[in-house]
Structures are given as structure tokens and as C-alpha cells.
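Chemist: In my numbering, the protein residues as written are 79 to 212. Beta carbons are placed, not taken as given, at the ideal position from N, Cα and C, and that holds for glycine.
#1: If distances are taken between C-alpha atoms only, which option among 106, 89, 140, 80 comes closest to residue 150?
#2: If I measure Cβ to Cβ from residue 103 and keep anything under 6 Å in the same chain, skipping five residues before and after, which residues do I get?
#3: Where do the ends of the alpha helix (DSSP H) carrying residue 126 lie?
#4: If you measure between the beta carbons of residue 184 and residue 197, is that distance less than 7 Å?
#5: Is there a Cβ from chain C that is less than 7 Å from the Cβ of residue 113?
#6: Shortest alpha-carbon distance to residue 129 belongs to which of 200, 207, 209, 211?
#7: CB residue 186 to CB residue 171, shorter than 7 Å?
#8: Taking the DSSP output, what are the residues bridged to residue 95?
#9: Could you tell me which uninterrupted beta strand (DSSP E) segments, each at least 3 residues in length, are contained entirely in the stretch 129–163, listed from first to last along the chain?
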């Protein structure tokens, strides 16, 4: 339950003239992975925001190992790593169709009140989810 996988196909607009994915386009791929990880656990990011809770990235570390290319089907692996009072950490990996590891990343996000912009405790339904992951 700590892990989730989702797939995305590389679109032409995400590549350079040589058909290689521009490095900045990996960040949205990882975001897709995190949002789908939450959705898989029954949590809608949209509903969370509508209830006044945001989850911005405060730290990310990305390691590019091999290029993704136009029209490849990528598999994004998202793994819950840890949670503290207001932070959540994920380990992420992207693989191509040949199951070659292309990119790894670590993301730290903080729960915030959208009203105040200040860190806040996660909602109870998310705290209950965290209890099932340890």
C-alpha cells in the first residue's frame, strides 16, 4: 500500500528537437505519480484543496540517469517514505517500456492551510491513512 504505479506517454511538446524529454518536464510526471498515489488511497487532491488544505513541494532532489524519449510509455513509481507532523516524503522512480530506470527523485511536501499559507496538521482522514502505512 506504500507503493503505487501509473503510466504516462511522452508527448511531442515535452521533448526537444532530438525527441528527448526536457528535464523540467519530469517534475509534472512525478506530480502525476503523487496525485494518483493519493487517489489510489481514496484521497482526492481536489477535495483536499476545496477543504482548505494544500500540499506544496518544499524540497526535491532529482537524479537523471537516462533520457526518456518521444512516444515512450513511462511508468511512474511513487512510494510513501515517511511522515512527520506537517511533512510527507515520497521516493519516486520513472522507468521506460524496457524497464530501464530513467530518473529517481525524492520529494518533501508540507501540509498548509490555504487560508493562512502556514503549515498545518494533516486532516484526520490522512492521519488515518498514515497509520496503515507504518
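Modeler: Judging by the given coordinates:
#1: Ranking 106, 89, 140, 80 by Cα distance to residue 150 puts 89 first.
#2: Close CB contacts of residue 103 within its chain, under the 6 Å cut and outside five residues either way in sequence, are with 92 (chain order).
#3: Start and end: 123–128.
#4: Taking 7 Å as the Cβ cut-off, residue 184 and residue 197 do not qualify as a contacting pair.
#5: Structure shown: chain C not included; a single protein chain is present.
#6: The candidate whose alpha carbon is nearest that of residue 129 is 200.
#7: A distance of 7 Å or more separates the beta carbons of residue 186 and residue 171.
#8: Here residue 95 is not bridged, per DSSP, to any residue.
#9: Here the runs fully enclosed are 135–142, 151–161.
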